[in-house]
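J.:
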Amino acid sequence: MDRIGGTARTILAAPSAPDAPAPQANMLPGVLIDGVQWTGHSGFRVTVGRATIYIDPYRVEAGPAADLILITHGHYDHFSPRDIERLAHPDTKLVAPAAVAERLAGDVTSIAPGEALEEDLVRGVGVRALAAYNTSKRDAAGDPFHAREAGWLGYELNVLGERLYHSGDTDVIPEMDGVAGVDVALLPVSGVYVMTAAQAAEAARRIAPRVAVPMHWGHHIGTRADALAFRRGVERSCGVEVRLMSPRAGVRRSAPLYFRK
Ligand SMILES: [Zn+2]
Ligand SMILES: [Zn+2]
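So for the sequence shown, my numbering puts the first residue at -18; every next one is plus one.
1. Specify whether the stretch 170 to 190 and the stretch 150 to 157 touch according to this definition: at least 3 beta carbon pairs, one from each stretch, less than 8 Å apart.
2. Across the stretch 46 to 58 and the stretch 131 to 150, are there enough close Cβ pairs to call them in contact, namely three or more that are closer than 8 Å?
3. Where does I154 fall in DSSP's three states?
4. I want to know whether the stretch 40 to 51 touches the stretch 67 to 84 - three or more CB-CB distances under 8 Å.
5. Using alpha carbons as the reference points, say which of A122, V175 and E99 lies closest to L138.
6. In the DSSP assignment, find the alpha helix (DSSP H) that holds P62 and state where it starts and stops.
7. How many angstroms separate the CA atom of D120 from the CA atom of F126?
8. Have a look at G105 and A122 and give me their C-alpha separation to the nearest angstrom.
9. Given D124, which residues of its chain have a CB within under 7 Å of its CB, disregarding the five upstream and five downstream residues?
10. If we count the other Cβ atoms within 10 Å of its Cβ and call it buried at 16 or more, is P195 buried or exposed?
11. Is G220 buried or exposed, if buried means 16 or more other CB atoms sit within 10 Å of its CB?
12. Check each candidate in V17, V29, F25 and E66 and name the one with the smallest Cα separation from D88.
13. At the level of alpha carbons, what is the spacing between D37 and F60?
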């Protein structure tokens, strides 16, 4: 397993998918969002030229093989070995917090909150890990579902100059100030284990991304009503654009990527 600063190789582009965008597409300003697809729950596919990145793939039934897979934490709906097996090829890079990394085989990099990868695992894409933890969501025994000490993660990707933040499972935390002004923020809205819709709207106000996308709904927990409540909350408090993506995007590739307002 490579630690940070290890011998990670620069990845070569995967074989081109028939409908992959032109390699230069993401170099235009404000187009990162067009390369982002929701695959359901907290899973996303980010297409960068001919390379494909997955974050927390879970029950992804179709899609191009992964060049890079990022896992935020060990809960089964975020760390799905079956999905990783299905999407990975022998050269796929895997990045995860230590407790998850030690359960993975292959080209694995362990990363902790506050660390950044020194080399691009996918050409043109920088990866930085941020803390993700609960401040107010606790189980019956009084323990947070996501303890800060666990070292679980959110990620910031710098994609050819544009920035994407996937918060992982978290409450609103001060570390979010470190991703202020990102182009795209992916935020959980279901409550119970993560931010409620209202708290996620507060996170969006604080981060002020160009576009915010609600996640962590539509599978086991969280409903479209939560996503809509998030959008209303954001619209009331700030001018951030909210996009609700289709949870089917990962399954039927011809499906619309999101519903515009
Ligand atoms: Zn979790
Ligand atoms: Zn979760």
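Even for Gly, the Cβ is constructed at its ideal location relative to N, Cα and C. Note that this is a predicted model, so its numbers are computed, not measured.
T.: According to the structure shown:
1. yes
2. yes
3. Along the sequence shown, read from residue 1 onward, the residue named residue 154 stands at position 173. Coil.
4. yes
5. Within the sequence shown, numbered from 1, the residue matching residue 138 stands at position 157. Among A122, V175 and E99, the Cα nearest to that of L138 belongs to E99.
6. For the purposes of this step, residue 62 is identified with residue 81 of the sequence shown, where counting begins at 1. Per DSSP, P62 belongs to the alpha helix (DSSP H) from P62 to L68.
7. Residue mapping note: residue 120 aligns to position 139 of the sequence shown, counting from 1. Residue mapping note: residue 126 aligns to position 145 of the sequence shown, counting from 1. Rounded to the nearest angstrom, the two C-alpha atoms are 6 Å apart.
8. As a first step, residue 105 is located in the sequence shown; it is residue number 124 there, counting from the start. As a first step, residue 122 is located in the sequence shown; it is residue number 141 there, counting from the start. Taking the straight line joining both Cα atoms gives about 44 Å.
9. Translated into the one-based positions of the sequence shown, residue 124 becomes position 143. Closer than 7 Å at Cβ, skipping near neighbours: no residue.
10. For the purposes of this step, residue 195 is identified with residue 214 of the sequence shown, where counting begins at 1. Label assigned to P195: buried.
11. Along the sequence shown, read from residue 1 onward, the residue named residue 220 stands at position 239. With fewer than 16 Cβ atoms within 10 Å of its Cβ, G220 is classed as exposed.
12. In the sequence shown, counting from the first residue as 1, residue 88 sits at position 107. The option with the nearest alpha carbon to D88 is E66.
13. Position 56 of the sequence shown holds residue 37. Position 79 of the sequence shown holds residue 60. Approximately 6 Å, taken between the alpha carbons.
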